[in-house]
Amino acid sequence: MSQVLGKPQPQDEDDAEEEEEEDELVGLADYGDGPDSSDADPDSGTEEGVLDFSDPFSTEVKPRILLMGLRRSGKSSIQKVVFHKMSPNETLFLESTNKICREDVSNSSFVNFQIWDFPGQIDFFDPTFDYEMIFRGTGALIFVIDSQDDYMEALARLHLTVTRAYKVNTDINFEVFIHKVDGLSDDHKIETQRDIHQRANDDLADAGLEKIHLSFYLTSIYDHSIFEAFSKVVQKLIPQLPTLENLLNIFISNSGIEKAFLFDVVSKIYIATDSTPVDMQTYELCCDMIDVVIDISCIYGLKEDGAGTPYDKESTAIIKLNNTTVLYLKEVTKFLALVCFVREESFERKGLIDYNFHCFRKAIHEVFEVRMKVVKSRKVQNRLQKKKRATPNGTPRVLL
Amino acid sequence: MNAIVALCHFCELHGPRTLFCTEVLHAPLPQGDGNEDSPGQGEQAEEEEGGIQMNSRMRAHSPAEGASVESSSPGPKKSDMCEGCRSLAAGHPGYISHDKETSIKYVSHQHPSHPQLFSIVRQACVRSLSCEVCPGREGPIFFGDEQHGFVFSHTFFIKDSLARGFQRWYSIITIMMDRIYLINSWPFLLGKVRGIIDELQGKALKVFEAEQFGCPQRAQRMNTAFTPFLHQRNGNAARSLTSLTSDDNLWACLHTSFAWLLKACGSRLTEKLLEGAPTEDTLVQMEKLADLEEESESWDNSEAEEEEKAPVLPESTEGRELTQGPAESSSLSGCGSWQPRKLPVFKSLRHMRQVLGAPSFRMLAWHVLMGNQVIWKSRDVDLVQSAFEVLRTMLPVGCVRIIPYSSQYEEAYRCNFLGLSPHVQIPPHVLSSEFAVIVEVHAAARSTLHPVGCEDDQSLSKYEFVVTSGSPVAADRVGPTILNKIEAALTNQNLSVDVVDQCLVCLKEEWMNKVKVLFKFTKVDSRPKEDTQKLLSILGASEEDNVKLLKFWMTGLSKTYKSHLMSTVRSPTASESRN
Chain A
1 MSQVLGKPQP
11 QDEDDAEEEE
21 EEDELVGLAD
31 YGDGPDSSDA
41 DPDSGTEEGV
51 LDFSDPFSTE
61 VKPRILLMGL
71 RRSGKSSIQK
81 VVFHKMSPNE
91 TLFLESTNKI
101 CREDVSNSSF
111 VNFQIWDFPG
121 QIDFFDPTFD
131 YEMIFRGTGA
141 LIFVIDSQDD
151 YMEALARLHL
161 TVTRAYKVNT
171 DINFEVFIHK
181 VDGLSDDHKI
191 ETQRDIHQRA
201 NDDLADAGLE
211 KIHLSFYLTS
221 IYDHSIFEAF
231 SKVVQKLIPQ
241 LPTLENLLNI
251 FISNSGIEKA
261 FLFDVVSKIY
271 IATDSTPVDM
281 QTYELCCDMI
291 DVVIDISCIY
301 GLKEDGAGTP
311 YDKESTAIIK
321 LNNTTVLYLK
331 EVTKFLALVC
341 FVREESFERK
351 GLIDYNFHCF
361 RKAIHEVFEV
371 RMKVVKSRKV
381 QNRLQKKKRA
391 TPNGTPRVLL
Chain B
1 MNAIVALCHF
11 CELHGPRTLF
21 CTEVLHAPLP
31 QGDGNEDSPG
41 QGEQAEEEEG
51 GIQMNSRMRA
61 HSPAEGASVE
71 SSSPGPKKSD
81 MCEGCRSLAA
91 GHPGYISHDK
101 ETSIKYVSHQ
111 HPSHPQLFSI
121 VRQACVRSLS
131 CEVCPGREGP
141 IFFGDEQHGF
151 VFSHTFFIKD
161 SLARGFQRWY
171 SIITIMMDRI
181 YLINSWPFLL
191 GKVRGIIDEL
201 QGKALKVFEA
211 EQFGCPQRAQ
221 RMNTAFTPFL
231 HQRNGNAARS
241 LTSLTSDDNL
251 WACLHTSFAW
261 LLKACGSRLT
271 EKLLEGAPTE
281 DTLVQMEKLA
291 DLEEESESWD
301 NSEAEEEEKA
311 PVLPESTEGR
321 ELTQGPAESS
331 SLSGCGSWQP
341 RKLPVFKSLR
351 HMRQVLGAPS
361 FRMLAWHVLM
371 GNQVIWKSRD
381 VDLVQSAFEV
391 LRTMLPVGCV
401 RIIPYSSQYE
411 EAYRCNFLGL
421 SPHVQIPPHV
431 LSSEFAVIVE
441 VHAAARSTLH
451 PVGCEDDQSL
461 SKYEFVVTSG
471 SPVAADRVGP
481 TILNKIEAAL
491 TNQNLSVDVV
501 DQCLVCLKEE
511 WMNKVKVLFK
521 FTKVDSRPKE
531 DTQKLLSILG
541 ASEEDNVKLL
551 KFWMTGLSKT
561 YKSHLMSTVR
571 SPTASESRN
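Which chain is which? The protein sequence lines are A and B, in order.
Going by full-length UniProt numbering, the first sequence opens with residue 1, and the numbers climb by one from there.
Going by full-length UniProt numbering, the second sequence opens with residue 1, and the numbers climb by one from there.
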């Protein structure tokens, strides 16, 4: 363990250039290549991350996540519950959505996207709408199917939507939320998912579009499944994901941590976790913990005039559970929190965990800095290009 | 008013729908042939330009179009109409109101019958309910384009205890092709539409409260949240607006409201063709007119008491002389060769250029533009007058001071156009001055001196024109830019006389604008010389001749403009900070 404590040191000495920073991250991965690290090749992972960096910023447009589906399938409810902390019961009183509702989610350093909530009644493939424009900048298309309803019509619409969207933009991730599963028994859930999966893929195969990949999720706004599904959708849009996962793997294997999540605090979406499988219950516990911390901080932490933020650098929480595990929450960046599951005996070495966390946080900040640099240089480039474009100006016309 | 008023609804099941619309039908036009062959696209487009006034009858005669509409436009099929998006029952003939005075009919249906109107209304409906964003959700907005018409839309909610969110989303839209008319009707439309909406909302609120009292929906929904009842998407049928307001005469009332709205809004505004902003010339002319009126008033007032002061107003005295002058001379010249229609006059600058010859004309024009004194010596007053009338078109009105005919020399500060009889002596300093040009008109020795074929020119061919100046314009001198442009326009035979006139107007405006900038720059802002030089080079007027021209033309700026500038821009610092 002392090895690990010592090794990340070289990072401090070198923060000159982007590429070198990336090398450092790889280096970090090498150092921590312990027995638990199941990642096959950390180098390729990080390199991919670097390559992908350039793409999302070149367009300057935030990737879009579209919420589509038949009317009354629960699109607006999902959006309100996940991003507005609306109580699920309140969604009963939502109006029907009559126009596309856009919302910017740019509160976190990594998660940066727009949610477009569509009205289900309107056919956006009507020629009067510019559906190509809609799909061109889209990162993910979430199609919501009401599992408590007859879903044949929804499947037809799903097929139409997916094929049209794929024609415009082949890079869209297609995500199917089999929604409102709270009303189904567990067997029925599995059966429904199997059936929808089968039919949707059969339809695509019939159309000769097997290469379109659909991901299916069973979701409900009454439990944490919707947050988990949304987390996975968002994770696919984060180019830094492999790097983050690597960092988390190294972190937990060297600190004796069972499981760690990197959370976007506001939406409770986890943007990365280590490579051990995610158990729904641990995820729910983490969500609850964030709620507790934020709620307590909001109620008692703010100054009397309401100034200050409830969540800052000092934010940290430890909750001991009765099954010899400890929940440990720490702030990483302004918008991200790390939540860990630690065995009680491992938590005795809290100093080690804290030191490793310190290294982990630094690494995250560096990843973030690279992004900022890229954005900055893009801006400079764009400005130069604009200047170039502005110069060829026609000579003034002469009368007669 | 050539518009359509429509009530639209965002149906929970079917999305945006047109519920009810009232259109204006003008008296059937005498279009015998129009009914025989199906109306072509061009004809329809033409009709649309004047406003929305298509005749629904035309539809019946174009089966091809009718068919295409059914397939292409998103027309509602009977199957996907629910109570919520239907106003009039299937077999309902609709409502119609005759306006006997104007023989206009106001017709209300669920959808407009004309296919093109249908799609216009449909699109406006979708935009008003599902695309355009009104801050505060309920309220008026304006949108549209030339192709699909312009729309005044007012969105509003109607309470419904069974609806999602306990309310339904409606809008009243007014569609017109005439954007300006519609915008000008905004306050009127807003007030009246708001009135209609208030009434609807008031009725619906009563129904809503009664229903809530009987059975509080909120609690019921919470209780049934986990039963499959609410989840059934087609379970709860949408309710019609009549049941929401419990008003059976709702559609008839709406028809009268909409028809009245169309009629009242139409008689509210009448259109007048307006010219553009007044040019500097019109301003100057208006000022002169006003001055004259003032003068004549003061003249009338002071005449009795201050007879001695009469000579102080030389212009008016001369004016009297002038009116006598031409009458005399015309009778004189009339004796010589009496030609009623072929008076020896100049008709246009081009004509003058032909008569004088290009070099002489150029010299003359150069002096005119620079504000030098132009003296014509001739026995023929009409000729001189016509020459001045033609020449003055090169200058802004404010720069022109004419003494058409005088028996003695007048100083240059009093006039830049001076007509003299041949025997008048011109002072030698004027003769040798480079700031004056003299055109002497002699009777030609031989009438065939000018080999001009045109019959009209024959009257002028009996004259010989000698243009002299103290210092003739050097041939290689570039001269003011505007002169070159004028000459180019005059030589270009492809341009008709009218076009040349318009061209002159434009050129004058162009240079008058430069004058304005220079005036503001030098006189109002009092900028340093170097700055002025820079400005001049930017204006393309840094050559000496151009500068002179600008300075001369500055005297022609209207008082209104000058005082406006002076008053709005008081201190140079203020103007600099603004710049």
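We put the CB at the ideal spot given by N, CA and C, even for glycine.
If you're wondering where the values come from, they're calculated on a predicted model, not measured in any experiment.
So residue i and residue j are supposed to be a Cβ contact under 8 Å. How far apart are they, rounded?
i              : j         : result
ALA207(A)      : THR161(A) : ALA207(A) to THR161(A), Cβ: 13 Å. No contact.
GLY139(A)      : ILE65(A)  : 6 Å
LEU200(B)      : ILE158(B) : 6 Å
PHE361(B)      : MET352(B) : 6 Å
SER171(B)      : LEU129(B) : 6 Å
residue 415(A) : ALA200(A) : With chain A covering 1 to 400 only, the question about residue 415(A) has no answer from this structure.
VAL368(B)      : LEU391(B) : 5 Å
ARG164(B)      : HIS9(B)   : Rounded, the Cβ-Cβ distance is 14 Å, inconsistent with contact.
For residue i versus residue j, is the C-beta distance shorter than 7 Å?
i              : j         : result
ILE142(A)      : LEU209(A) : no
VAL437(B)      : SER469(B) : yes
THR155(B)      : CYS131(B) : no
LEU244(A)      : GLN235(A) : no
GLU331(A)      : LYS313(A) : yes
CYS125(B)      : THR242(B) : no
THR245(B)      : LYS203(B) : yes
MET176(B)      : ALA6(B)   : no
VAL151(B)      : ILE180(B) : no
residue 419(A) : LEU327(A) : No answer is possible for residue 419(A): it lies beyond the span of chain A, which begins at 1 and ends at 400.
VAL384(B)      : GLY419(B) : yes
ASN372(B)      : PHE435(B) : yes
ARG221(B)      : LEU92(A)  : yes
PRO63(A)       : PHE113(A) : yes
HIS265(A)      : PHE341(A) : Inspection of the sequence shows that residue 265(A) is occupied by Val rather than by His. No, these two residues do not count as a Cβ contact at 7 Å.
SER147(A)      : THR97(A)  : no
TYR121(A)      : GLY15(B)  : Note on identity: in this sequence residue 121(A) is Gln, with Tyr being the wrong assignment. Going by C-beta atoms, GLN121(A) is nearer than 7 Å to GLY15(B).
LYS508(B)      : GLU440(B) : no
GLU83(B)       : SER240(B) : yes
VAL280(B)      : MET566(B) : The amino acid occupying residue 280(B) in the given sequence is Glu; Val does not appear at that position. No; because the gap between Cβ atoms is not below 7 Å, this pair is not in contact.
Whose Cβ in chain B lies nearer than 7 Å to the Cβ of residue i?
i         : result
GLN235(A) : The contacting residues do not exist; GLN235(A) stays about 30 Å from chain B at best.
PRO119(A) : GLY15 and SER130
Run through chain B and tell me which residues come within less than 9 Å of residue i, C-beta to C-beta.
i         : result
ASN173(A) : Simply none; closest approach about 26 Å.
Closer than 8 Å by beta-carbon distance: list the chain A residues that pair up with residue i, in chain order.
i         : result
TRP511(B) : Here the premise fails: no neighbours, minimum Cβ distance about 11 Å.
CYS11(B)  : GLN121
GLY165(B) : PHE93, LEU94, GLU95 and SER96
For residue i, which residues does DSSP report across the bridge?
i              : result
ASN249(B)      : In DSSP, ASN249(B) forms no bridge with anything.
PHE175(A)      : For the sequence presented, residue 175(A) should be read as Glu rather than Phe. Per DSSP, ILE142(A) and SER215(A).
ASP145(B)      : GLY149(B)
THR325(A)      : ARG343(A)
residue 402(A) : This structure leaves residue 402(A) out entirely; chain A is present only between 1 and 400.
ALA443(B)      : TYR463(B)
THR316(A)      : LYS330(A)
LEU418(B)      : ILE375(B) and ILE403(B)
TRP116(A)      : LEU66(A) and ARG102(A)
Applying a beta-carbon distance threshold of less than 9 Å, which residues of chain A neighbour residue i?
i         : result
GLN123(B) : THR128
TRP169(B) : GLU95, SER96 and ASN98
Give a yes or no on contact between the segment 345-365 of chain A and the segment 252-267 of chain A, applying the rule of three or more CB pairs nearer than 8 Å. Three or more pairs of CB atoms, one per stretch, sit closer than 8 Å, so the segment 345-365 of chain A contacts the segment 252-267 of chain A.
When the Cβ atoms of the segment 164-176 of chain A are set against those of the segment 143-150 of chain A, are three or more pairs found closer than 8 Å? Yes, the segment 164-176 of chain A is in contact with the segment 143-150 of chain A.
Within the chosen definition, does the segment 391-399 of chain B reach the segment 544-558 of chain B through at least 3 CB pairs nearer than 8 Å? In short, these stretches touch, since the Cβ pair count reaches three.
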